[in-house]
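Here is the structure we will look at.
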DNA sequence: CGTTCTTGTTAATGAGCGTTAACGTCATTT
DNA sequence: AAATGACGTTAACGCTCATTAACAAGAACG
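Chains as they are written, first to last, in the UniProt record's numbering: chain A, 1 to 192; chain B, 1 to 192.
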């Protein structure tokens, strides 16, 4: 498998810290000096690794969207033919992602407009495809009247699953995971 | 009743436009000139009505939190004794609010850290009390093991209900309202 | 050993932006 | 009619901050 054990490259360090800082105080609220300091180099040193501050955000957002979509597609194929299993797998995958990368989840819907037009379009397109994955299986399972309603339901459940950043880790990971699973399934179930 | 038909005062115009702009592009992403232009006066003219840009955000966030809490308390009293009715009323009220004031919902969890310490504390306290209202009735209805789980569930359902800004108005208001109601009840129901 | 590429550094630049100053203009009051 | 206060305006100040310039020090390599 490709589970990496290497030391993280400098680029990766930067992206990780930038994600954390952007999530905490917003894109405009964080200075390049601060990002640099977080990885032990000073402000302008970042420009050896990225063409600019915007580029960091772009790479983060595109990266998230791609990972979400790829994961979703893989899961949809693995369980193809059994919609119930597909939905369960999509939910599990989304929860894993939301719990592993809370800062990225926060960025995902918070800072999309700060992107250059081209990047924003790309992210939006990836998001749409990911949503579509869910809408298809939801409509297979629960015959909700209109597609607009199915789409609304999917977005709403995303909101539910993406609430992890607001949950101080008051409960352990497995507990939170279980609660979110039950809530998500319960919500969709109420569409019948 | 107190349904106002008066023309909105200048202060109110400013707050409304500021809310919209802050929600669209973030607190730091909006300039005072822009806010001024949105109400037909020019940048520094705002300082006749507010001591500064921060004050606008503060008044918005404190205002939201107070309205949410007040509304919640009123509903909790009106249906006191019947937990099922209380929860239903809280859900309806929250949905109404989320649909009426999408920009404010967005601000509510996005720009809290930009506040001065005192204001932020006040908002946090109001939020906690509002959450508490929900947690109490949820625990009455669904004997979920720990309080942490109940709290997590409530936050998650808030995420669900607050997803309205992501829903382009693809479906009509009453449709969206119905979907959200069913989803929220279904989610809580899965706690049993 | 000299050259070059990589990866930093600090100092300077220049734009954006919140805020204040200084100044008008009505409407209201005395 | 004079004075005052509410509500705007434009010009200037000062600070923050992303980005660029100019320069160093060590690794890779001929």
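Just so you know, even glycine gets a beta-carbon here, dropped at the ideal spot from N, CA and C.
In this text, all values refer to a predicted model and were calculated from it rather than measured experimentally.
Express the C-alpha separation of residue j and residue i in angstroms, rounding to a whole number.
| i | j | result |
| --- | --- | --- |
| residue 69(A) | residue 126(A) | 7 Å |
| residue 102(A) | residue 151(B) | 18 Å |
| residue 39(B) | residue 45(A) | 42 Å |
| residue 43(A) | residue 161(B) | 40 Å |
| residue 188(A) | residue 191(B) | 14 Å |
| residue 205(B) | residue 81(B) | This structure does not reach residue 205(B), given that chain B is present from 1 up to 192, and the question cannot be answered. |
| residue 144(A) | residue 56(B) | 42 Å |
| residue 34(A) | residue 18(A) | 9 Å |
| residue 134(B) | residue 118(A) | 43 Å |
| residue 156(A) | residue 159(B) | 8 Å |
| residue 124(B) | residue 148(B) | 18 Å |
| residue 104(A) | residue 20(A) | 8 Å |
| residue 96(B) | residue 177(B) | 8 Å |
| residue 106(B) | residue 130(B) | 17 Å |
| residue 173(B) | residue 36(A) | 46 Å |
| residue 25(A) | residue 31(A) | 10 Å |
| residue 41(B) | residue 14(B) | 10 Å |
| residue 7(A) | residue 181(B) | 48 Å |
| residue 61(A) | residue 79(B) | 45 Å |
| residue 71(B) | residue 183(B) | 21 Å |
| residue 75(A) | residue 132(A) | 14 Å |
| residue 120(B) | residue 9(B) | 26 Å |
| residue 179(A) | residue 166(A) | 15 Å |
Give the residues of chain A in contact with residue i, contact being defined as C-beta atoms less than 7 Å apart.
| i | result |
| --- | --- |
| residue 149(B) | 171, 175, 179 |
| residue 182(B) | 190, 191 |
Determine the closest residue to residue i out of the options, with distance taken between C-alpha atoms.
| i | options | result |
| --- | --- | --- |
| residue 164(A) | 35(A), 148(A), 98(A) | 98(A) |
| residue 153(A) | 154(B), 141(B), 168(B), 148(B) | 168(B) |
| residue 73(B) | 128(B), 176(B), 26(B) | 128(B) |
| residue 51(B) | 16(B), 11(B), 62(B) | 11(B) |
| residue 113(B) | 22(A), 18(A), 15(A) | 22(A) |
| residue 170(A) | 78(B), 133(B), 166(B), 146(B) | 146(B) |
| residue 54(A) | 179(A), 14(A), 27(A) | 27(A) |
| residue 205(A) | 175(A), 63(A), 7(A) | One cannot answer for residue 205(A) here, as it falls past the ends of chain A, which runs 1 to 192. |
| residue 111(B) | 7(A), 14(A), 29(A) | 29(A) |
| residue 66(A) | 186(A), 108(A), 138(A) | 108(A) |
| residue 58(B) | 16(B), 116(B), 172(B), 83(B) | 116(B) |
| residue 185(B) | 60(B), 14(B), 32(B), 94(B) | 94(B) |
| residue 227(A) | 138(A), 106(A), 100(A) | Given that chain A is displayed from residue 1 to residue 192, the structure contains no residue 227(A) and the question cannot be resolved. |
| residue 16(A) | 100(A), 120(A), 183(A) | 100(A) |
What in chain A is Cβ-close to residue i, meaning under 8 Å?
| i | result |
| --- | --- |
| residue 108(B) | Chain A residues near residue 108(B): none, gap ~11 Å exceeds 8 Å. |
Under 9 Å between beta-carbons, which chain B residues line up against residue i? List them in chain order, please.
| i | result |
| --- | --- |
| residue 113(A) | 24, 25, 26, 29 |
Can you pull the chain B residues whose beta carbon is under 8 Å from the beta carbon of residue i, in chain order?
| i | result |
| --- | --- |
| residue 185(A) | 190 |
What residues in the UniProt domain "HTH tetR-type" (8-68) of chain A bring their beta carbon closer than 9 Å to a beta carbon of chain B?
Residues passing the 9 Å Cβ filter: 24, 25, 26, 27, 28, 29.
Assess contact between the stretch 47-64 of chain B and the stretch 89-96 of chain B, defined as three or more Cβ pairs (one per stretch) separated by less than 8 Å. Is contact present?
Because the criterion of three Cβ pairs below 8 Å is not met, the stretch 47-64 of chain B and the stretch 89-96 of chain B do not touch.
Along the stretch 149-167 of chain A, what residues have a CB closer than 8 Å to any CB found in chain B?
Cβ contacts with chain B: 149, 151, 152, 153, 155, 156, 157, 158, 159, 160, 161, 162, 163, 166, 167.
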